[in-house]
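What follows is one structure encoded as structure tokens, with my remarks underneath.
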Amino acid sequence: MRMTVEDLKKLPHAGFETSTIWTEGLQTFEGVWLKDLIRHLDVSEGTLELSALNEYLIEIEVEEVGDLGALVAYMRNGKPMTARDKGPLWVVFPYDSDVKFQSETTYARSVWQLDRIALLQ
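Our numbering puts the first residue of the sequence shown at 1064, with every later residue one more than the last.
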């Protein structure tokens, strides 16, 4: 199924404020929880492949998504993100809320310029 940013905006909205290792100062992110997105798509098993415009790829097991705390952000600081500004989508975590979000694994899963999520079987 193909979804646009406009389609994502129709799903339950979420957001938080956090700092990141890639930006300066607190950032406000708005988007949809990854777990809500896969629930909406009725995906319950398999592997998600997240890819960026620069062909960066990561894989996440669907079973892990509920515990991740990952947000697929389409807004940063109240504005849509461009490719120059880590958009159009950025998988972010509430890094400041818990030390568990300050790990190499979490940082590697923080895909900016996200343009595709595919389900691998």
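Quick reminder that beta carbons are idealized off the backbone N, C-alpha and C, glycines included.
Exercise. Since F1189 sits in a beta bridge, which residues does DSSP pair it with?
Worked result: Only positions 1064 to 1184 of the chain appear in this structure, which leaves residue 1189 out of reach.
Problem set entry | Residue closest to T1169, alpha-carbon to alpha-carbon, out of I1123, K1098 and D1178 | I1123
Problem set entry | The beta strand (DSSP E) enclosing D1159, as first and last residue numbers | D1159 -> no beta strand (DSSP E), and no H or E assigned at all.
For this session: May I ask you to report which of helix, strand or coil DSSP gives R1065?
Result: coil
For this session: Rounded to whole angstroms, what's the CA-CA distance from T1081 to P1151? Just pull it up for me.
Result: 19 Å
Exercise. Exposed or buried, which one is I1066 when buried takes at least 16 other CB atoms within 10 Å?
Worked result: Rather than Ile, the amino acid found at residue 1066 in this sequence is Met. It counts as exposed.
For this session: Taking the CB atoms as reference points, tell me whether D1099 and L1074 lie closer together than 8 Å.
Result: yes
Exercise. Would a C-beta distance cut-off of 8 Å place A1115 and L1182 closer than the cut-off?
Worked result: no
Exercise. Given a threshold of 16 other Cβ atoms within 10 Å of its Cβ, counted over all protein chains shown, does V1162 qualify as buried or as exposed?
Worked result: exposed
For this session: Check L1177 in the structure and name its three-state DSSP category.
Result: strand
Problem set entry | Helix, strand or coil at V1106 according to DSSP, with G and I counted as helix | coil
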